[in-house]
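Under numbering that gives the first Met the number 0, the residue at position 243 of the sequence shown is numbered 242, and the numbers go up by one with no gaps. For glycine and all other residues, C-beta sits at the position ideal for the given N, C-alpha and C. First the structure, in the form of structure tokens, and then the observations on it.
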Amino acid sequence: MTTGAFTVYRSSAGSGKTYTLVRHYLKHALSSEQPFHTILAITFTNKAASEMKQRIIDALQAFAGHMKLDAANESLCRDLCGDLQLSEAELRHRSAHLLKMILHRYSDFHVRTIDSFLHKIVRTFARDLGLNVNFQIELESDPMLAEAVDRLIYRAGQPESSTLTALLVDFVLSKTEDEKSWNTFDRDIFKVAQTLMDEDSFHYLEKLRDISLDAFVATGRDLRRLKNQSEKTITEWAHKACVLIAESGLTVDHFQQKSKGIAGFFEKLTSDVSVKNLQPNSYVLDAIYEDRWYSANSKDGRGRVIDRIKPELIACYEQIRKHVSFYILAEAVLQNLYATAVLHEINDILEALKKETAAVLISDFNKHIASVVRDEPAPFIYERVGEKFLHYMIDEFQDTSAMQWLNILPLVENALANGGTALLVGDGKQAIYRWRGGDLEQFSRLPEIPGSEMSDRLVETEAALKQHYQEEPLKYNYRSLPEIVSFNNRFFEWLAHFKETELQKIYHDIRQLPKNGSSGGYIHIEFLPRADETTIEDRINEKLLETIRMLEKDGYAWKDMAILTRNNERGSAIARFLMSRDIHVVSAESLLIDQSAEVRIILAVMRYLNDALDDVNCMALMNGILTGALGRTPTSEDRRIMAEAIQDKKHDRRQFLSWLEERGFVLDESRLLSQPLYEMAEDIVRTFLPSLTASPFVIYFLDSVLNYSIKYDNTLMNFLKWWDIQKNKLSIVSPDETDAVRVSTVHKAKGLEFPVVIIDETGWQFKKTRDYIWTELRSKPFRTLPAVLLKSHSSLEETECKKTYEEESDKNFIDQANLLYVAMTRAKERLYLFSVLTKKAAENKITELKSVNDVIASFLRQSMNWEEGKMTYAFGDTAQPLRNKMDERPSVALENYATSPQRPKLRTKRHSCFQPYDDLSRREWGKLVHAALAQIRTLDDIVPVLSAEESEGWLDSKQSRDLSEKLLRLLGHKMVKPYFEPGVRVRTEAEVFLDSKELLRMDRVVILDHEIVVIDYKTGEEEGEEHTAQIQRYGRALEKLGYPVIKKILVYIEDEKIVPVA
């Protein structure tokens, strides 16, 4: 494999990109030229990083002979021998050495996520960036952003915030005038404030930085005044048209399509000028441009009357149309103007909040690094990071944001200039993360850099990339059977040409060649007819259950099946349905910690402790005891007794506590509330779940409690607030070996594969990826603002923002096509698609693809496979499932949950080894005394040092007192007292290395003007010759260091004896 220094692999689903990355990593790591720590492989998820590391280690183990060489590693072995021009024997030798090096220096094994790599750089530059060097990473921005919005609103009404107050008042009044709920303005501000986390917003926010709040207020008032004038004019022209119709003896019913037609258009605008009513439907346009004003069988000469007034009605319509563009745009700008005005205020509050809490949002990493690399050369970064990489590999490059790529570019450029390499792997067809910054354009345009014309430095970097550029396609599909590969080839070739977009460029190389067998694979598409007696979801659910039962009969296990949905809500509904039918399911909802009955009991107790007077908390606790702890459904009698207990609790809490005690649970509130948060949680587990086995939900919950208490505080109320925000995000990790049907969103299934994939198309609409778009307006009076934030809506096609909106619509279509590509390419052996036949699909009236239903139906019609009345389409055959020998790693299951009660009070255990007169522990006692003497520099230090030892529990009061008296007498003796005077230069525990590399440690060395004194403490009995030889050795070592006069003294602590040594 010969590649350029800058190589881009354009992959497809199942094309072996991980194999390619591992091959390149080992190619560099096994060459004798560069050590493995100069290689950096970047992935986007922890799972991908872990998989790549495991693949590398497994390959090296197989090459070195430590494990069996399977087919994949055998192929990799051949490829590497060819790449490196090595024999298999030499490859085995190098692999064994590399494996040993990696395991011994694992921290230099640089396969990591892009976030962890950027975090390391930010951590290194913390002081330069004005960050707390001990900053904490915040993964979720919403809680902190919500706090910033709350603080902003709190400022309103204060004397120093008069302009802010005026702006927020105008915001509320504008919502009231538009007949919208005024008390949701804080949520409106929060939604717009979320754009602060969006990289694409930075450019526009900088443009708005110098616009004052006063300017925003003035612009808002001008726009509202002009909008009201425009609305009045529209109403007048609509009223004029309606008067003309009435005076002509006509009504709305005399016109084509009645209220839906041209007359209804005018009538609606007389009472409600809105964006919706200003947009003419097809019937109105037919009247104006196709001359369809009335039906052909119109009687009583009404048609002639309409023909007579048509010119005037058209004139009224045209006058209205003159104001439509301005009105729609003014409405769109005003909708977010006030929230946009305070974005910089919110950002300032957010920055202050980060400093208060020493926090850095993970979304800020790119901004912080960009502020450094923009002006600093790459070698400076390497020096500060402490590493200099020569080989870069970036996985899933299509999901890299523009700022991430610009931050990494200086490093890549430096590597290329120094003989290194850069390898990028990506698939534009799987770019489904635009909503979080992924920039598909920069991948499709490689080696060009979008926006390079704006920077001389980027022009130079782009030239370097072009000089070393080489592109390699990965054309084979190793995942899916041939029939599935062939079907997806045909389907996405058709979809790419359905609409003139960038999609054609992205999918131009869609056709893959199958590698997983020479035949086989099955695709099943089924439309369900609409019916009134059951909902669409119910019928799809029953079809899913029927399919799972059929697959079981065909030999598939539950873990072989995956059901993919568009959103979590639909996935949760499917999971609940299947579980009610005794199908084991792994889903986002089923793995949520908060879904565990045991965890809910713990939380119910916590909520009760936090607010014992709340009846809801009490009822939740009692219900949890019955259903979770006792395992039975509450009867009507149970509910009556619980209600009585709660009612009595208002007067006497003993009734409620007695109810708990009768069922074996003693709630000791004072004990629980006196404990730290984590110990409280464990105590609740012991009290209310005494027979609990090792529940992963409870273990993960306790981990969450512990992490919260370490990161934030030990306050129960604050923890419960935090939990309510985070509970829908915290889940356990399910082992891959679990035999259960996986229900997942398409986003979470990316990178995975399953023998059978079932796609639920229910409600899969082609929705907007982004709710807001930024743009720059040129017409009056909008150009007073350098940038505006607009809600993405089709009405913008009527304005000067038409091009911006169409570009966003095209990107959204690509997002939806890519999402469907990811879903349909997860299947290895069988692919099922279930949908409900829409009316337009049945009647062949689809003009625009608005849902997956539309896409599938249109494809079948245009590929000549459609048959009227036919609801099921099948391609391929349902062969028996393939059984590949998998590498099953042993797993360990915890059977019991180990916990121990907190001690009633903190006590320090006194070991017998600290007793000075115990012969069995004399050595330990000696260590203790030596540790104390090491801290004593003068006689005045004796009492404080030993008092500290006592307070820390190492000595009791008698031992401390006795030892103090002993040392004061002994060290105050005239033979050694001069060496414990203040001002004397002293080294305790002084270390000296001998030529033989042996280390000597001397208890006390006193450095005087004309001599050196060595004092050696002994806590045992006197051993003349041995002790004398030891201190004489110390003297000789010091003499070698150039000290001519050495005085040597042995001090026996227990015998209180001082012995000079010649």
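Exercise. Just grab the DSSP bridge partners of H523 for me.
Key: Y831 and A873
Exercise. May I ask you to list the residues that DSSP assigns as paired with W773?
Key: L788
Self-check item: Buried versus exposed, by CB contacts within 10 Å (16 or more), Q429
Solution: buried
Quiz prompt | Integer Cβ distance of I535 from V835, believed to fall under 8 Å | solution = 5 Å
Exercise. Could you have a look at G425 and say whether DSSP puts it in helix, strand or coil?
Key: strand
Quiz prompt | Classification of D918 by the beta-carbon crowding that lies within 10 angstroms, buried from 16 upward | solution = Any reading at D918 must be qualified, since the residue scores a pLDDT of 41, below 50, and its modelled position is unreliable; the value itself is stated next. Exposed: under 16 other Cβ atoms inside 10 Å.
Quiz prompt | T907 in three-state terms, based on DSSP | solution = The predicted position of T907 is uncertain, since its pLDDT is 44 and thus under 50; a value taken from the coordinates is nonetheless stated next. The answer is coil: DSSP assigns T907 none of H, G, I, E or B.
Exercise. Grab the span of the beta strand (DSSP E) containing V755 for me, first residue to last.
Key: F753 to D759
Quiz item: Which residue's Cα is closest to the Cα of K1056: K1046, I1014, S94 and V458?
Solution: I1014
Quiz item: Since E470 contacts V7 with CB under 8 Å, what's their CB separation in whole angstroms?
Solution: 5 Å
Quiz item: How should H910 be labelled, buried or exposed, when 16 other C-beta atoms within 10 angstroms of its C-beta is the threshold for buried?
Solution: Residue placement at H910 is poorly supported in this model, since its pLDDT is 42, which falls under 50; the coordinates are not used for a value here.
Quiz item: Thinking C-alpha only, which one of T564, V332 and E452 is nearest C800?
Solution: V332
Self-check item: G64 versus Q33, A48, L98 and F35, residue with shortest Cα-Cα distance
Solution: L98
Practice problem: Please state whether DSSP places Y804 in a helix, a strand or coil. | Solution: helix
Practice problem: Could you check which residue in T768, E344, L225 and V928 has the C-alpha nearest to that of L204? | Solution: E344
Quiz item: Considering only the beta carbon of each residue, do L789 and T774 sit closer than 8 Å?
Solution: yes
Self-check item: A989 to L998 span [Cα, whole Å]
Solution: 10 Å
Quiz item: Which residue's Cα is closest to the Cα of F43: L625, W404, M549 and E395?
Solution: E395
Quiz item: Taking the C-alpha atoms as reference points, what is the distance between N406 and T744?
Solution: 31 Å
Quiz item: What's the C-alpha gap between L167 and R435?
Solution: 29 Å
Quiz prompt | Straight-line Cα distance separating F5 from V458 | solution = 16 Å
Self-check item: Nearest to F874 (by Cα), restricted to the options T339, L85, A358 and I522
Solution: I522
Quiz item: Exposed or buried, what is N417 when buried is set at 16 or more other beta-carbons lying within 10 Å of its beta-carbon?
Solution: exposed
Quiz item: Within this structure, are the beta carbons of L422 and H23 separated by less than 8 Å?
Solution: yes
Exercise. Excluding the 5 residues preceding and the 5 following A155 in the sequence, name in chain order all residues of the same chain whose CB lies nearer than 7 Å to its CB.
Key: L163, T164 and L167
Quiz item: Under the three-state reduction of DSSP, which class applies to I731: helix, strand or coil?
Solution: coil
Quiz prompt | Beta-bridge pairing of I112 - partner residues as DSSP gives them | solution = First, the residue type needs correcting, since residue 112 is Thr and not Ile in the sequence shown. Answer by DSSP bridge pairing, in chain order: T42.
Quiz item: In terms of residue numbering, what span does the alpha helix (DSSP H) encompassing D221 cover?
Solution: L212 to E246
Quiz item: Using 8 Å as the Cβ pair cut-off and three pairs as the minimum, do the region 348-364 and the region 127-135 touch?
Solution: yes
Quiz item: Does the Cβ of I1006 have 16 or more other Cβ atoms within 10 Å, making it buried, or fewer, making it exposed?
Solution: exposed
Self-check item: In chain order, each alpha helix (DSSP H) run of at least 4 residues that lies wholly inside the region 678-718
Solution: 695-710
Practice problem: Inspect the CB distances between the region 811-819 and the region 494-505 and report whether three or more fall short of 8 Å. | Solution: yes
Quiz item: Helix, strand or coil for F254 per DSSP?
Solution: coil
Quiz item: Do you know how far the Cα of I393 is from the Cα of H118?
Solution: 17 Å
Practice problem: Please name the residue in G952, K267, L102 and L830 whose C-alpha comes closest to that of L550. | Solution: L830
Quiz item: Just curious, the alpha helix (DSSP H) that S270 is in, first and last residue?
Solution: I261 to S270
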